[in-house]
Amino acid sequence: MAARGQGGVIFFDIQDRTGRFQLFARKNDLGDALFAVAKEIERGDLVGAGGFVFRTKTGELSLYVRTLEVLGKSLRPLPDKWSGLQDLEKRYRRRYVDLIVNPHVRDVMFLRSKIVAEMRRFIDARGFSEVETPTLLNVAGGATARPFMTHSNALDIPLTLRIATELNLKRLIVGGMERVYEIGRTFRNEGIDATHNPEFTMLELYAAYWDVNDMMRFNEELVAHLARTVHGGETVIRGEDAISFATPFRRIGYLEAFERFAGIEREQLLDAEAAQRLLHDYGIPPSPTHAHALDKLFERIVEPELLQPTFVYGYPVLLSPLAKRMKDDPELTERYELFAAHMELSNAFTELNDPDDQRRRFELQMLERAAGDEEVPPPDWDFVTALEYGMPPTAGIGIGVDRLVMMLTDNASIRDVLLFPLQRPLPPERDADEDDAESP
RNA sequence: GCCGGCGGAGCUCGAGCGGCAGAGCGGCAGCCCUUUAAGCUGCAACGUGCGGGUUCGAGCCCCGCCGCCGGCACCA
């Protein structure tokens with residue numbers, strides 16, 4: 545809200561979620577009383593006005609004000625109208641001010657809203673049902689990550705916040721719901737940086753009688769559709785790079801990628817000791833586990849090559865405790881990850897539906913956990929029981945919604961696509977300003 | 001968790017070598033009946049993140065703490 549006085553005439557710029565508009569208030573036509581009200585109005589106030597639309601001398605469409613009312617008074621000064629609010633910390637801590645004065649922030653947040661809505665529309669149109677599964681769990685599984693712990697007073701038991709929705713959604717597949725998804729908050733008690741917030745939003749989706757190839761097609765159509773929705777085309781500008789989400793996306797095998805980009809062969813990766821030697825060759829510190837070593841190598845060797853959207857498929861089974869093995873190559877799984885701009889956008893696989901295999905993999909994980917890897921979740925034996933009732937062949941996918949929004953809106957930090965990114969609280973403090981603001 | 005950078009008025013920023021802490025915007029009063037970051041005149045208020053130290057004297061140097069950002073580690 546800006547006001548420009550001109551003697552007996554005042555111009556106001558008013559703003560709402562749809563944009564800006566100019567008001568024109570003239571003393572001779574308003575009368576002294578109303579004009580006095582107009583003169584009291586300052587930047588940041590909320591106003592209601594009535595009148596008729598006209599064009600000013602300079603041709604700007606404006607409201608010729610006949611009635612005017614202050615709907616809400618702003619007691620605190622807004623940041624500078626020209627430079628706005630730059631201070632990152634203040635922008636995150638007082639997002640409401642950021643939203644008032646930095647239109648770009650509002651645009652991104654509305655765009656996020658639109659992306660998620662469009663995601664739902666696309667998925668619903670293909671016969672899926674959105675469900676809600678518990679956030680509070682006895683055992684948090686379905687991923688490797690340290691959970692947040694909490695406690696139920698009523699039951700007097702420890703609870704953990706979920707680190708994935710995977711196991712419960714697959715229980716629903718066992719239950720015959722066939723096509724389900726959840727867009728929900730997930731919590732991981734780990735580091736915070738430009739791509740990690742302790743709570744983040746994931747889409748997880750499961751389709752009975754699909755395999756990983758069906759999911760790949762679904763995945764690329766969904767992402768291409770969202771890119772079109774946001775940009776009107778399939779090309780997304782991200783920093784210096786132009787990324788084309790035109791289908792089909794590039795596909796490359798997990799092992800083939802290492803071979804092509806670094807001449808590394810299958811045995812060097814799938815053998816634990818050979819993989820450790822590779823780490824050493826690349827100057828990467830030794831890894832506690834074989835799986836960890838492969839992740840580090842992938843990050844160093846393959847990820848830098850993945851600018852345009854690329855499906856990397858056929859992950860080793862040792863990285864994929866919940867994925868089904870390939871029929872003709874049981875050391876690998878029917879799993880892919882989608883990368884774009886060197887960032888992982890989704891993770892999908894044909895789900896393991898063999899309860900005995902699942903039980904053995906959980907037992908293996910128990911050993912890793914006993915060996916001190918706190919990120920390995922305790923086994924969820926009831927999930928094995930569920931599989932024993934029979935799960936149809938099923939494909940599942942997880943998409944990090946925040947990162948997808950980052951990708952589509954050209955934001956480098958996850959904080960810039962979250963309304964209220966987590967910030968450490970400041971020590972309690974009362975300033976004189978605050979006392980004044982609260983007195984009548 | 002480790003390393004580095006940063007922290008000054010409501011906002012955006014100046015302040016050589018340690019020497020009276022400033023400007024613009026905003027606020028207040030006034031002028032101005034078509035402005036576009038309105039303009040002009042005048043006025044006032046408020047400030048070095050917190051706590052110590054060195055010094056005749058600290059926004060500046062030293063120590064500790066807090067917060068944010070970036071990098072590393074961890075992860076998605």
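Start counting the first sequence at 545; every next residue gets the next number (the working numbering). No residue lacks a Cβ here, since even glycine has one placed at the ideal position from N, Cα and C.
Nearest CA to the CA of residue i: which residue from the options?
i, options, result
"F579", "R570, R587, L823", "R570"
"V520", "P691, F568, M653, M721", "Since the first and last residues shown for the chain are 545 and 984, residue 520 lies out of range."
"L948", "R913, L882, A914, K583", "L882"
"H834", "D815, E849, L850, Y826", "D815"
"G719", "A751, M746, I701", "A751"
"E919", "P829, P691, K634, L619", "P691"
"A806", "P848, R913, R904", "P848"
"G942", "G552, F565, E710", "E710"
"M746", "F762, R761, E726", "E726"
"M760", "D642, P965, G858", "G858"
"P965", "F731, R810, E743", "E743"
"A837", "R548, G827, Q820, L963", "Q820"
"V641", "R968, L963, Q967", "L963"
"W925", "V649, R715, T611, P702", "R715"
"D873", "D839, A818, P829, R810", "R810"
"G944", "N891, Q902, D917, R968", "N891"
"G940", "R903, L896, D917", "L896"
"V660", "G728, E734, A818", "G728"
Cutting at 6 angstroms between CB atoms, please list the residues of its own chain near residue i, excluding the five before and the five after it.
i, result
"W626", "none"
"F906", "P923"
"T791", "E764, A768"
"P971", "none"
"I717", "Y750, A752, M935, T938"
"S673", "V724"
"R564", "D557"
"L590", "L615, G616"
"L766", "F666"
"R561", "none"
Beta-carbon within less than 7 angstroms of residue i's beta-carbon, same chain only, minus the 5 sequence neighbours each way: which residues are those?
i, result
"F802", "I808, L813, I845, V846"
"P899", "V928, L931, E932"
"A878", "The sequence given here has Glu at residue 878, not Ala. Result list for E878: D755, V756, A867, K868, M870, F893, T894, in chain order."
"S645", "The question names Ser, but residue 645 is Val in the sequence shown. Closer than 7 angstroms at the Cβ level, and outside the excluded window around V645, lie L622, P623, G628, L629."
"V609", "L567, F568, A569, L574, A593, G595"
"D785", "L851, A885"
"R913", "V920, P922"
"I667", "Y725, L749"
"N572", "G552"
"I796", "T854, V856"
"L655", "V774, T953"
"V985", "With the chain represented from 545 up to 984, any question about residue 985 goes unanswered, as that position is not in the structure."
Cutting at 8 angstroms between CB atoms, please list the residues of its own chain near residue i, excluding the five before and the five after it.
i, result
"P678", "R706, N712"
"K658", "T773, V774"
"L911", "none"
"R794", "Q852, P853, T854, F855"
"G588", "M545, S618, R620, P621, L622, I644"
"T704", "L680, L681, N682, V683, A684, P691, F692, M693, T694"
"Q909", "P865, V920, P921, P923"
"L876", "Y798, L799, G858, Y859, P860, V861, R869, M870"
"G671", "R723"
"E584", "V614"
"M663", "I727, L747, L766, L770, V945"
Identify the residues that DSSP records as bridge partners of residue i: which are they?
i, result
"F855", "R795, L882"
"V591", "V614"
"H824", "Looking at the DSSP assignment, H824 forms no beta bridge with any residue, so it has no partner."
"E912", "Answer is none; E912 lacks a bridge partner."
"H740", "D737"
"F556", "A547, L567"
"S890", "L882, I943"
"R869", "T877"
"P860", "L876"
"Y753", "Answer is none; Y753 lacks a bridge partner."
"T745", "R729"
"E895", "A867"
"F805", "The partner list for F805 (beta bridge, DSSP) is empty, contrary to what the question assumes."
- Item | alpha helix (DSSP H) segments (min. 4 residues) lying fully within the segment 598-651 | 632-637, 639-645
- Message: Suppose only complete runs of 3+ residues qualify. What are the beta strand (DSSP E) ranges in the segment 652-732, listed by chain order?
- Response: 693-696, 701-705, 723-731
- Message: If contact is defined by three or more beta carbon pairs under 8 angstroms, each pair taking one atom from either stretch, is the segment 681-690 in contact with the segment 579-596?
- Response: no
- Item | contact_flag[the segment 726-739, the segment 951-962] where n(CB pairs < 8 angstroms) is 3 or more | yes
- Whole runs of the beta strand (DSSP E) within the segment 756-797, excluding any shorter than 3 residues: 779-782, 785-788, 794-797
- Query: With contact counted as at least three CB pairs below 8 angstroms, one residue from each stretch, are the segment 552-567 and the segment 632-641 in contact?
  - Reply: no
- Task: Mind listing, in chain order, the continuous alpha helix (DSSP H) runs of no fewer than 4 residues lying wholly within the segment 931-972?
- Result: 945-953
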